[in-house]
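Student: Have a look at this one before I ask anything.
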Amino acid sequence: MKPYRVPQLARKYVEYDMIQQHTEMPAFPDSRTRLMFVFLNRNAQELHASEDELYALVTSLVQMGLDTHDMIDTLSGIRSPEEMRSRQLKVLAGDYFSSRFYQLLALAGRITAISKLSDAVCEVNAGKMSLYWGMKQFRLDATQYLTQMVRFKKELFLSFTSLIAEQDQEIWKQLLNKFALCDTLVEEWGKRTEPGKSRFGYVFWHIYGNGDRNEQALLSESGTDTEAWRKLVLKYKAEDAILDKLRTAVTHIRQILSDDQNTGIEEFERMLEPFLKLLNSPHPVVREG
Numbered sequence: 001m002k003p004y005r006v007p008q009l010a011r012k013y014v015e016y017d018m019i020q021q022h023t024e025m026p027a028f029p030d031s032r033t034r035l036m037f038v039f040l041n042r043n044a045q046e047l048h049a050s051e052d053e054l055y056a057l058v059t060s061l062v063q064m065g066l067d068t069h070d071m072i073d074t075l076s077g078i079r080s081p082e083e084m085r086s087r088q089l090k091v092l093a094g095d096y097f098s099s100r101f102y103q104l105l106a107l108a109g110r111i112t113a114i115s116k117l118s119d120a121v122c123e124v125n126a127g128k129m130s131l132y133w134g135m136k137q138f139r140l141d142a143t144q145y146l147t148q149m150v151r152f153k154k155e156l157f158l159s160f161t162s163l164i165a166e167q168d169q170e171i172w173k174q175l176l177n178k179f180a181l182c183d184t185l186v187e188e189w190g191k192r193t194e195p196g197k198s199r200f201g202y203v204f205w206h207i208y209g210n211g212d213r214n215e216q217a218l219l220s221e222s223g224t225d226t227e228a229w230r231k232l233v234l235k236y237k238a239e240d241a242i243l244d245k246l247r248t249a250v251t252h253i254r255q256i257l258s259d260d261q262n263t264g265i266e267e268f269e270r271m272l273e274p275f276l277k278l279l280n281s282p283h284p285v286v287r288e289g
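For the sequence shown, counting from 1, position 96 maps to 96 in full-length UniProt numbering; every step adds exactly one.
In structure tokens, the structure reads:
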């Protein structure tokens with residue numbers, strides 16, 4: 001298999017000093033992008049030169065654009081000049097990342113691929129609108145939230161399933177689902193201690209679903225303070241819930257790989273490294289106050 005270099009190719013589109021200095025950016029979707037590249041590369045004889053790399057690149061850029069827009073805070077209230085600049089840069093950066101796929105695919109003459117990705121983006125955006133409505137109505141639980149977030153993280157990549165060898169398509173979809181779940185859980189882990197970032201996230205719905213009426217009323221208010229939030233994270237063992245699900249997902253990935261004799265396990269083990277690192281690291285417990 002040829003070397004995987006999509007993250008290096010993506011740098012020219014996502015690494016800008018102005019953006020990096022003044023606003024937070026989402027992580028590059030490396031595990032899903034690498035997974036897509038591996039399966040496309042296995043069917044390389046049916047693709048034009050470097051299409052495996054091109055499709056993995058443009059899909060990762062669109063995903064970065066969507067993820068960047070998801071980080072834009074929608075809370076009302078007065079913002080500082082720094083917060084306003086950060087917000088504006090997220091809007092612009094998300095639009096820029098998403099627009100690059102049109103240019104790259106058009107230059108390569110891959111008009112059908114433009115249609116595939118555009119349709120997938122529409123599906124994701126429609127799904128998010130439905131999810132946000134459920135959030136605002138408090139008609140959601142932690143499992144439903146996680147299922148929808150995983151769907152959003154795999155939708156773009158699934159749009160290229162027809163270009164993957166037919167005998168590989170089922171295992172591709174199974175692995176993509178599990179890697180999207182792992183990516184989602186790592187993302188939720190990263191924001192678990194901050195009530196602002198965690199609002200309407202997995203930890204929020206985990207606590208809301210297990211909490212009493214007073215705690216649910218507290219969460220329903222938009223300004224839960226950090227101390228109160230951390231008490232709830234501790235009480236309902238939200239960190240354990242994330243890590244347990246991540247551990248189970250990694251186990252399932254290994255089981256899928258061991259059941260398929262045509263899949264080289266070594267290359268997929270590299271994709272698991274970030275998740276294993278989190279699982280094997282000592283985790284400082286969220287403390288009150």
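Virtual Cβ for every residue (Gly too), placed ideally from N, Cα, C.
(1) Taking the alpha carbon of residue 275 as the point to measure from, which residue in 155, 184 and 195 has its own alpha carbon closest?
(2) With DSSP collapsed to three states, give me the class of residue 68.
(3) Just to confirm, are residue 172 and residue 39 a CB contact at a threshold of 8 angstroms?
(4) Compute the beta-carbon to beta-carbon distance between residue 32 and residue 157, rounded to the nearest angstrom, for a pair I have assumed lies under 8 angstroms.
(5) Taking DSSP as the reference, what is the three-state secondary structure of residue 276?
(6) Measuring CB to CB, does residue 242 end up less than 8 angstroms from residue 205?
(7) Just to confirm my understanding: we take residue 29, look at its own chain, exclude 5 residues before and 5 after, and list those with CB closer than 8 angstroms. What are they?
(8) In chain order, what residues of the same chain have a beta carbon less than 7 angstroms from the beta carbon of residue 221, not counting five sequence neighbours either side?
(9) Compute the beta-carbon to beta-carbon distance between residue 108 and residue 202, rounded to the nearest angstrom, for a pair I have assumed lies under 8 angstroms.
(10) Going by C-alpha distance, which of 199, 113, 269 and 117 is nearest residue 145?
(11) In whole angstroms, what is the alpha-carbon distance linking residue 89 and residue 162?
(12) Of all the alpha helix (DSSP H) runs that stay within the bounds of the segment 20-46, which reach a length of 4 or more residues?
(13) Between which two residues does the alpha helix (DSSP H) harbouring residue 188 extend?
(14) So is residue 214 buried or exposed if we call it buried at 16+ other beta carbons inside 10 Å?
(15) Nearest-angstrom Cα distance between residue 14 and residue 23?
(16) Which stretch, first to last residue, makes up the alpha helix (DSSP H) that contains residue 110?
(17) Over the uninterrupted alpha helix (DSSP H) stretch that includes residue 283, give me the two end residues.
(18) Please determine, among 232, 175 and 258, the residue with the shortest C-alpha to C-alpha distance to residue 271.
(19) If you run the structure through DSSP and keep just helix, strand and coil, what is residue 159?
(20) Report buried or exposed for residue 244, applying the criterion of at least 16 other Cβ atoms within 10 angstroms of its Cβ.
(21) Count the other CB atoms within 10 Å of the CB of residue 50; is the residue buried (16 or more) or exposed (fewer)?
(22) Should residue 248 be listed as close to the ligand SAH, given that the test is whether its C-beta is under 7 angstroms from any heavy atom?
(23) If residue 102 and residue 114 are in contact, beta carbons under 8 angstroms, what's the gap, nearest whole angstrom?
(24) Shortest alpha-carbon distance to residue 4 belongs to which of 47, 57, 136 and 165?
(25) Does residue 269 come out as helix, strand or coil in the three-state DSSP assignment?
Tutor: From the atom records:
(1) 184
(2) helix
(3) yes
(4) 5 angstroms
(5) helix
(6) no
(7) 60, 63, 64, 67, 153 and 183
(8) none
(9) With 8 angstroms as the limit, residue 108 and residue 202 do not qualify as a contact, their Cβ atoms being about 38 angstroms apart.
(10) 199
(11) 35 angstroms
(12) 30-42
(13) 169-190
(14) exposed
(15) 13 angstroms
(16) Run containing residue 110: none; DSSP gives neither H nor E here.
(17) Careful: residue 283 lies outside any alpha helix (DSSP H) and carries neither H nor E.
(18) 175
(19) coil
(20) exposed
(21) exposed
(22) The model depicted lacks the ligand SAH and carries no ligand whatsoever.
(23) 6 angstroms
(24) 57
(25) helix
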